[in-house]
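Here's the structure we're looking at; comments come further down.
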Amino acid sequence: MGLFDRFQELRAAHGQIKACGADPFGVKMDRILSSTEAEIEGRHTILCGSNNYLGLTFDADSLAAAKASLDKYGTGTTGSRIANGSYDDHKALEQDLADFYGKQHCMVFTTGYQANLGAISTLAGPGDYLLVDADSHASIYDACRLGHATVIRFKHNDPADLDKRLARLAKEPGNKIVVVEGIYSMLGDHAPLKEFVAVKKKHGAYLLVDEAHSMGVMGKTGRGCLEHDGVDADVDFITGTFSKSMGAIGGFLISDHPDFDILRVACRPYMFTASLPPSIVASVRASLARLRAEPEMMTRLWQNVDTLYDGLQAKGFRLGKQRGPVVAVHINGPELAAMAWHGLLSNGVYVNLALPPATPSGTALLRCSVCAAHTTEQLEQVIEALGEVGRQLGIIPAEDGAGQV
Ligand code: PMP
Numbered sequence: 001m002g003l004f005d006r007f008q009e010l011r012a013a014h015g016q017i018k019a020c021g022a023d024p025f026g027v028k029m030d031r032i033l034s035s036t037e038a039e040i041e042g043r044h045t046i047l048c049g050s051n052n053y054l055g056l057t058f059d060a061d062s063l064a065a066a067k068a069s070l071d072k073y074g075t076g077t078t079g080s081r082i083a084n085g086s087y088d089d090h091k092a093l094e095q096d097l098a099d100f101y102g103k104q105h106c107m108v109f110t111t112g113y114q115a116n117l118g119a120i121s122t123l124a125g126p127g128d129y130l131l132v133d134a135d136s137h138a139s140i141y142d143a144c145r146l147g148h149a150t151v152i153r154f155k156h157n158d159p160a161d162l163d164k165r166l167a168r169l170a171k172e173p174g175n176k177i178v179v180v181e182g183i184y185s186m187l188g189d190h191a192p193l194k195e196f197v198a199v200k201k202k203h204g205a206y207l208l209v210d211e212a213h214s215m216g217v218m219g220k221t222g223r224g225c226l227e228h229d230g231v232d233a234d235v236d237f238i239t240g241t242f243s244k245s246m247g248a249i250g251g252f253l254i255s256d257h258p259d260f261d262i263l264r265v266a267c268r269p270y271m272f273t274a275s276l277p278p279s280i281v282a283s284v285r286a287s288l289a290r291l292r293a294e295p296e297m298m299t300r301l302w303q304n305v306d307t308l309y310d311g312l313q314a315k316g317f318r319l320g321k322q323r324g325p326v327v328a329v330h331i332n333g334p335e336l337a338a339m340a341w342h343g344l345l346s347n348g349v350y351v352n353l354a355l356p357p358a359t360p361s362g363t364a365l366l367r368c369s370v371c372a373a374h375t376t377e378q379l380e381q382v383i384e385a386l387g388e389v390g391r392q393l394g395i396i397p398a399e400d401g402a403g404q405v
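So the sequence shown is numbered by UniProt numbering: it starts at 1 and just counts up by one.
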């Protein structure tokens, strides 16, 4: 058997998608014009799939902080956090985040993916149990594979199913760690955190919440779904990323657990990779400071969420059930979704084409993400372009509001 033979099925599926137009997984942004616009294939394009929820990628303070840091510290740390890669700013960012979440401890990782990989694979050891939501992000599943705990999936957003599975483990001595996401990355739905907290308390389990898509989005001050649901004090571990509302890259793990710091010399995805470039650390510190000073930035984001959600619903699209900055448009099948995606790009609108296995339950999606910096005109263009493409491809009927075909 040839080395790449096992990818034949994947190659065929990818080939079919490419045959529908351009390669959705090979898009090249030729120029980035702002946090909401780019030039792609010579065309001015509205970015509506960038996870840049607060539009901070060109924030003046973040840019200035990053530039000053480049001059002060150089381009990179060239080492891991436990060798030469912990600078004063890495420690300061950890303190900023711990303060923001009102918790004792924080570790900063080089990506959000690594934060999940490190946190989950290290917290749960041999003899322990990881109970993960079935719709979990790839980084959570990969963390399960990296660690040595027994992994049990429970039904998506279903506290009763979790309760049942934890009850079966009642006599097992190992620790039980429940892993959920605040907002789910593909369908944009939210975890019922209050109910999950009640279940984890009942069984003496720990709860880890990945707030990747909810930091800077949910809650009065932007601390995410746990703040929105009033369960800050009951969540044992929080992971998150700087690659979405913070407009940069990096990840974090937060907790009040008194023994937390041992993780710094036990967690391999923290220990054996180079730390974040100081310029990134500086820009994230500035973005976080901006969010803390101006949480009302989120008001504009939510106005934009309503504009896009209402506009697409009025056109008759079938959307993810819960409102939020991830607006998932359901399409019947990968090929149709790929054609729609291509049609949109040709009309100057970029969204994400999301297909199985990255999506739950085999769904094909045009995944839109809303930015606080989107203008109403831009969102109206997105809605019009989607309507046009949807009508052309028979995804929605010719008349607005008649429901998805
Ligand atoms: N968790 C979730 C829920 C995500 O959606 C993502 C990225 N899309 C990550 C973690 C990983 O974050 P990063 O891109 O910063 O590695």
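Where is the CB? At the ideal position from N, CA and C, for every residue including glycine.
Within the same chain, Cβ atoms closer than 6 Å to the Cβ of Met215 are found at Gly224, Gly240 and Ser245, the five residues on either side in sequence being excluded. Looking at the backbone, the Cα of Thr359 and that of Lys72 are separated by about 42 Å. Here Thr241 is bridged, per DSSP, to Gly251.
In this structure, Asn352 places its C-beta atom within 8 Å of the C-beta atom of Gly49.
Burial state of Arg292 is exposed, judged by a 10 Å Cβ sphere holding fewer than 16 other Cβ atoms.
By the Cβ test, the stretch 250 to 259 is in contact with the stretch 101 to 116, since at least three Cβ pairs between them sit closer than 8 Å. Each residue's CA atom was taken as its position, placing Tyr309 and Thr36 some 18 Å apart.
With a beta-carbon spacing of about 4 Å, Ser69 and Ala282 fall inside the 8 Å limit used to define contacts.
With contacts defined as CB atoms closer than 8 Å, Leu63 and Met297 fail to qualify as a contacting pair.
Looking at the DSSP output, Ala354 sits in a beta bridge with Leu365. The beta carbon of Phe272 sits closer than 8 Å to those of Ser80, all from its chain and outside the five residues before and after it, given in chain order.
Under the DSSP assignment, Cys106 falls in the beta strand (DSSP E) whose first and last residues are His105 to Phe109.
Spatial neighbours of Leu345 in its own chain (CB-CB distance under 6 Å, excluding positions within 5 residues in sequence) are not present. Under the three-state reduction of DSSP output, Arg323 falls in the coil class, being neither helix nor strand.
About 6 Å separates the beta carbons of Ile238 and Tyr101, which is inside the 8 Å limit, making them a contact pair. According to the DSSP assignment, Tyr206 belongs to the beta strand (DSSP E) that extends over Tyr206 to Asp210. Following the DSSP letters along the chain, one finds Val151 inside the beta strand (DSSP E) bounded by residues Thr150 to Phe154.
Ala212 has its CB nearer than 7 Å to a heavy atom of the ligand PMP. Phe109 has its alpha-carbon roughly 14 Å from the corresponding atom of Ala83. For Ile40, same chain residues with a beta-carbon under 8 Å away, outside a window of 5 residues either side, are Val27, Lys28, Met29, Asp30, Leu345 and Tyr350 in chain order. Relative to the ligand PMP, the nearest heavy atom lies less than 7 Å away from the CB of Asn116.
In this structure, Thr273 has its CB at a distance of at least 7 Å from all heavy atoms of the ligand PMP.
In the structure shown, Lys171 adopts coil according to DSSP, grouped into three states. One thing to note: Leu193 has its Cβ no nearer than 8 Å to the Cβ of Lys200. If the five residues before and after Met1 are omitted, its C-beta is found closer than 8 Å to no C-beta atom of its own chain. When Cβ pairs closer than 8 Å are counted between the two stretches, the stretch 123 to 130 is seen to touch the stretch 141 to 158, the count reaching three or more.
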